[in-house]
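Here is the structure we will look at.
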Amino acid sequence: MFTLESLLAAVPVSVRDSLDQDTRVYLSSIIEADSDPSALREAAEPFLADAGMDEAELAAVFSKLSIDSTSAVPELSSSNAAGSGPVLLPKEIKSAKALTQAKIAKVKEPAVQAFSQQSRFHTETVTTLSNDVDLKGVNVIVDDHELLVDARLWLKAGYHYGMVGRNGAGKSTLLSVIGNHSLVGLPENIRTLYIQQLDVLESDVSVLDSVLAADEERQKRIVDANAIEVSLQNPETLHQALEKYIHRISSEQTLKAQKIATLRSGKRGKNARAVALKAENTMLANVREKLYVGGKTDSEVAADVLTTLYAELDTMNAHSAEAKARTILGSMDITEAQQNGPVSKLSGGWRMRVALAKAMFLEPDVLLLDECTNHLDLAAIAWLQDYLVALEDITIVCVSHDRDFLNAVSQETIRLKEKQLTYHPGNYDEYEQTEDELRRKKERQYASLERRREHVKKSIDGFMKHARSTNDSKVLSQVASRKKKLERLAGLDKLEDGKRFKLSYWAGFHETMRPELKLERPEKGVDFSIPQPENLRHYGPLISLNNVSFAYGNGGDRGRKILDNIDLNVMMGDHIALLGLNGCGKSTLIGIINGTLVPNKGNIERQVRLRIGHYTQHFVDELSGVYESGLARLMSIAPGTKESEARKWLGSFELSGPLATRPICTLSGGQRARMAMAIMLHSNPHMLLLDEATNHLDMYAVQGLVAAINEYEGTVIVVSHDRHFIRETADDSYVLQDGKLTLLEDGVDAYVQQLALPVIQ
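Residue 645 in full-length UniProt numbering sits at position 645 of the sequence shown, and the numbers go up by one each step.
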């Protein structure tokens, strides 16, 4: 039986080291799905060839593994047809081939179009004197999928907004097109900075350089100046450096002309489009001609360009940029040693400080934060919360699943629903309360309107019956009057502000006499189908930890001790939360409970046949490299599952239809999180270990998970920094600090208040 380990052992060390984790996981899944060695060869050959192995070396490797050197897929032969039956191309090999091609080609980047309504009457064509953003007719389209249609983007200067909406609705896409200024119509002078969690995960660049690189305009000029300075003694490289500068300038001027052409209409638009078309064809030549006017040499042009670049950098105060960046980092308690070291050496909370330092260095008008609390501990979240609240002069738009954090940071709430943006005063709790009250009010209005309509209908029926029996024509005029009244009762008689409806308020042509009263149903919750666990044979603790200690390094007391004499009994039905700062050992303790780690000291007792479902905080990131569909992944993990059953199961996690058959890597973060949850829960576990399970989920999915956990009769151990989630799901909370596990008598809120937070400067 061949394995992934046997394959890796057969290839050279250099090739083995070049295979990333995604590739290894993919090859392992092929081996598990198919026992035919040719399937492994079909899948592995392209990756090994990319790593530098030639045909002879490949043949030698597969010969060691006793895999036929012929990589071709078996075909139907005459002997097979006449003998024991045809040898058909296995379905799994077809799947492996398709997945291999997908892996090599990667997934096509989606084409994003973002534009807003423009007209000849716009006084703001490129820039605006205000820091407000007010764009009408905003459309965002990803490939052929519309995320926003004729919406209004309205951000008042200095306001802090919380943005909510379903996973996959387009929140992250909207923030990204605003942040990178690809939204046509966004004024050029509005400085934006988009911070997503992935921006601060890994980087070998120093903290200081990472902050300095936030100012892209300054960075471009420094790169050009350095390249030209280095090449002054080499004519060939000097010409190349100058050409790069010329291409940058020409592309920027062409892009500017195109934006002006897009923003203007009428005669001005026609002229602007003519200028843009000319710029596309001649801009590069024009820039080059201006620089080399009079037959200047490369050295003379280089001197002129350097003079221009130095002047631009002086205007931008580039000489004081490093001092400014160090001052900002110092105000966030980032030491000079940390500033000079790589970002990758910092924990998640400190990396978020680096991301905020970028914002302070750039001094943006609009700061866009996408799930900025992911992977932060409670102390870091509290620090970030206080820091953002203190930024009074910067417009902030924040997407977060953490209800408490969003409530503290936001002054207004933006809801993205049904391809529209709506704006609501107050934080998320206030928005939810207001929407609930408005919905109840409309329901009362609708019920009252229906009663009145029913009364008028009965009176019309009575008058008609009387007219038929008496032949009284006068009654027919009363019937006509009542029918007009019935038409008026088809819609609102009062507006939302309480004013009486007047026809003059309602301009245009309409099919009814009044606006219809539309009942807005509450958001449909996400139903996380957690199956109830089967009864175990023995009553008592599911898991008992007795004097458990764990240390990384040399082991025992000589290594870096993470857990120190931990005692814990976990019973069926317990709902427990583990709290503590990042790096304190929560995930280590979860690993020991799950059995993936072995303690250096102490013993663990587990019930026989205990099934554990483990959701790790890295599941979503791991699934971002999976190219098969969720349906295929689920059916491969549970071989006896019918496709209809698998579809129904994924549908209960709002992953029905095309979401079930799309490559997992193309799903949004929240959709991948629900996919990971669906795959984990399919085994019907007795115990759930949920490590940061709320990361990437939207508010509705978090509430659905809360409801499902509260109905679950099995055991749940939660590691989370979402205070609302902990309060709603955990009966007991423990804090892990200095290797010791302590029961919190007063709950999570008291624990947060006890944390020693740094002073915000």
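Ideal placement from N, C-alpha and C gives every residue a C-beta, glycine not left out.
Span of the alpha helix (DSSP H), counted from its first residue to its last, around residue i
i: R468; result: 428-470
i: Q411; result: Run containing Q411: none; DSSP gives neither H nor E here.
i: G602; result: Not the alpha helix (DSSP H): G602 falls in the beta strand (DSSP E), residues 601-606.
i: T588; result: 586-594
i: D298; result: 298-315
i: S733; result: That residue, S733, is in no alpha helix (DSSP H); its beta strand (DSSP E) goes 732-737.
Alpha carbon of residue i to alpha carbon of residue j, nearest angstrom
i: D209; j: S331; result: 17 Å
i: F550; j: D574; result: 24 Å
i: S448; j: K465; result: 26 Å
i: I228; j: A302; result: 7 Å
i: L421; j: M352; result: 28 Å
i: E146; j: I593; result: 45 Å
i: Q385; j: L406; result: 9 Å
i: N600; j: V343; result: 32 Å
i: L238; j: V223; result: 14 Å
i: N167; j: R152; result: 20 Å
i: A701; j: T588; result: 27 Å
i: residue 762; j: H160; result: Residue 762 lies beyond the stretch modelled for the chain, which goes from 1 to 761, so this question has no answer here.
i: W649; j: K642; result: 11 Å
i: N427; j: I590; result: 35 Å
i: S6; j: I717; result: 37 Å
i: A730; j: I709; result: 9 Å
i: G540; j: Q753; result: 36 Å
i: S400; j: Y431; result: 15 Å
i: V475; j: R439; result: 40 Å
i: A707; j: M677; result: 15 Å
i: V608; j: L174; result: 50 Å
i: Y245; j: P235; result: 15 Å
Residue range of the unbroken beta strand (DSSP E) whose run includes residue i
i: T395; result: 395-399
i: P425; result: 420-425
i: Y194; result: 192-196
i: S629; result: Counting along the chain, S629 falls outside any beta strand (DSSP E), and DSSP gives it neither H nor E.
i: Y539; result: No beta strand (DSSP E) contains Y539, which DSSP labels as neither H nor E.
i: V149; result: 145-155
i: T173; result: First-last for T173: 171-179, but that is the alpha helix (DSSP H), not the beta strand (DSSP E).
i: A111; result: That residue, A111, is in no beta strand (DSSP E); it is neither H nor E in DSSP.
i: I576; result: 575-579
i: N710; result: Premise fails: N710 lies in the alpha helix (DSSP H), 699-711, not in any beta strand (DSSP E).
i: H160; result: 160-165
Residues near residue i in its chain [Cβ-Cβ closer than 6 Å; skip 5 each side]
i: A646; result: L631, L634, M635
i: D402; result: T373, D722
i: M699; result: V164
i: D404; result: R723, H724
i: S182; result: A114
i: K358; result: V211, A214
i: K106; result: Note that K106 scores a pLDDT of 45, beneath 50, so its modelled location is shaky; the value from the coordinates is reported in the next line. Excluding positions up to five away in sequence, the list is empty.
i: M571; result: P541
i: I566; result: L545, V548, L741
i: Y712; result: I530
i: L536; result: Q607
i: I726; result: A577, S720, V748
Contact set for residue i: own chain, Cβ-Cβ below 7 Å, skip 5 residues either direction
i: S459; result: R482
i: S176; result: Y194
i: Y292; result: V301
Residue i versus the options, residue with shortest Cα-Cα distance
i: I190; options: W350, V207, S587, L135; result: L135
i: G595; options: R672, L659, L545; result: L545
i: E216; options: G185, R248, Q196, L186; result: R248
i: R326; options: K419, S206, I414; result: S206
i: G583; options: W350, Y423, E443, P235; result: W350
i: D132; options: G158, V149, V138, I141; result: G158
i: L329; options: V354, L313, A321, L309; result: V354
i: E392; options: H375, A382, Q411; result: Q411
DSSP beta-bridge partners of residue i
i: P187; result: According to DSSP, P187 bridges with nothing at all.
i: P342; result: S206
i: D746; result: Per DSSP, none; premise fails for D746.
i: I566; result: V548
i: E363; result: Note: E363 sits in no beta bridge, so no partner.
Own chain, CB closer than 8 Å to residue i, minus 5 neighbours either side, in chain order
i: Y751; result: L378, L579, S733, V735, L744
i: Q240; result: S231
i: G294; result: none
i: T395; result: N131, V133, L155, K156, A157, G158, Y159, H160, Y161, D365, V366, L367
is_contact[residue i, chain C] using C-beta, thresh 8 Å
i: L153; result: Among the chains of the structure shown, chain C does not appear; only one protein chain is present.
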